[in-house]
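Residue numbers (the numbering used here): 30 to 159.
Here it is, written out as structure tokens:
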């Protein structure tokens, strides 16, 4: 995972832990990282799928898939294929660029409680004060 995307990912996970709505189930499919060819083949045979979104959510009988991108990030073919497939299956999907857009998506979906300021705004305010 690229560093900028990793920072966004970590911030979103923290928001989910502190602002997530009751009854929501969420997880990050740990598809990335180094695997030996043998281990990768075993995982693929077990059903691991390339391109699965960064976060999957289940709430109120609905499924959501969130693929995070940095401001200039681009989706892979596998990521686009997964989003298309899960969208056709009835899930809500989004690929926001940046932390503020990701948080706005989660708020619009009703998965996190609204806040007065997003974390991005808080960080910008803190940076301006130094």
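For each residue, glycine too, the CB sits at the ideal point set by N, CA and C.
Could you name the residues that DSSP lists as bridge partners for residue i?
| i | result |
| --- | --- |
| residue 93 | 86 and 121 |
| residue 49 | 141 |
| residue 56 | 85 |
| residue 10 | Limits of the chain in this structure are 30 at one end and 159 at the other, which puts residue 10 out of reach. |
Residue i and residue j: beta carbons closer than 7 Å?
| i | j | result |
| --- | --- | --- |
| residue 127 | residue 100 | yes |
| residue 96 | residue 124 | yes |
| residue 122 | residue 94 | yes |
| residue 80 | residue 35 | no |
| residue 39 | residue 55 | no |
| residue 120 | residue 92 | yes |
Residue i and residue j look like a contact to me (Cβ under 8 Å); what is the Cβ gap, rounded to whole Å?
| i | j | result |
| --- | --- | --- |
| residue 37 | residue 104 | The pair is not a contact, with the Cβ atoms about 14 Å apart (cut-off 8 Å). |
| residue 63 | residue 82 | Incorrect: roughly 21 Å between the Cβ atoms, too far for contact. |
Nearest by alpha-carbon distance to residue i: which of the options is it?
| i | options | result |
| --- | --- | --- |
| residue 58 | 32, 86, 110 and 66 | 86 |
| residue 114 | 78, 98, 89 and 129 | 78 |
| residue 84 | 66, 102 and 98 | 98 |
| residue 32 | 88, 102 and 42 | 102 |
Counting Cβ pairs, one atom from each stretch, are 3 or more of them under 8 Å apart for the region 130 to 146 and the region 47 to 59?
yes
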